[in-house]
Structures are given as structure tokens and as C-alpha cells.
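Report on the structure given below.
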Amino acid sequence: MCMSVSEVSVNPRIEALRAKHKGLSQKIEQAHGNLSTADYYLSQLKKQKLIVKEKLESEEKRIAS
Numbered sequence: 002m003c004m005s006v007s008e009v010s011v012n013p014r015i016e017a018l019r020a021k022h023k024g025l026s027q028k029i030e031q032a033h034g035n036l037s038t039a040d041y042y043l044s045q046l047k048k049q050k051l052i053v054k055e056k057l058e059s060e061e062k063r064i065a066s
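Numbering (my numbering), first residue to last: 2 to 66.
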């Protein structure tokens, strides 16, 4: 059974992952603007964002198929 795009967009798990991804993007943007931000912290945020992105893509594929 295939789900439509609108059904995928209202999936609670996908919405939670999108919100987390957006929050990490905002944290990364703020960290770039702060000269005292440690490189390690910034790299950890980027890794977390990538993991969330991969989970989001995987979930979207799973639901769409």
C-alpha cells in the first residue's frame, strides 16, 4: 500500500525527525556565529544532523513503499 505525499507529511515520526533536523540546523547556524564555539561541538552537531537526515530519508522511503 503506497501512501500519498500528504500522508507522509503528517506522519508523527517524520514530523518529529523534521523538527529535530530543523532544530539542529538552527543550533549549527548559531554556533557558526559564535566565535567561542568549540570545533568539536560544531562537528558533533553536524554529525547528529546527518544521522537525523538519514533516519528521515529512511522513514520516508519505508512509508512511501
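Even glycine gets a Cβ: it sits at the ideal position worked out from N, Cα and C.
If you're wondering where the values come from, they're calculated on a predicted model, not measured in any experiment.
Unbroken alpha helix (DSSP H) run spanning residue i, endpoints
i          : result
leucine 51 : 40-65
leucine 18 : 13-34
Residue environment, residue i, which counts as buried when at least 16 other CB atoms sit within 10 Å
i          : result
valine 11  : exposed
leucine 25 : buried
Straight-line gap, residue i to residue j (C-alpha atoms, nearest Å)
i             : j            : result
lysine 21     : proline 13   : 12 Å
glutamine 27  : glutamate 60 : 22 Å
alanine 65    : lysine 54    : 16 Å
isoleucine 52 : tyrosine 41  : 17 Å
arginine 63   : leucine 36   : 40 Å
Cβ shell of residue i (< 7 Å), same chain only, five flanking positions each side left out
i          : result
leucine 57 : Ile15, Leu18, Arg19 and His22
Sequence-distant residues of the same chain with beta carbon closer than 8 Å to residue i, five excluded per side
i             : result
isoleucine 29 : Leu43, Leu46, Lys47 and Lys50
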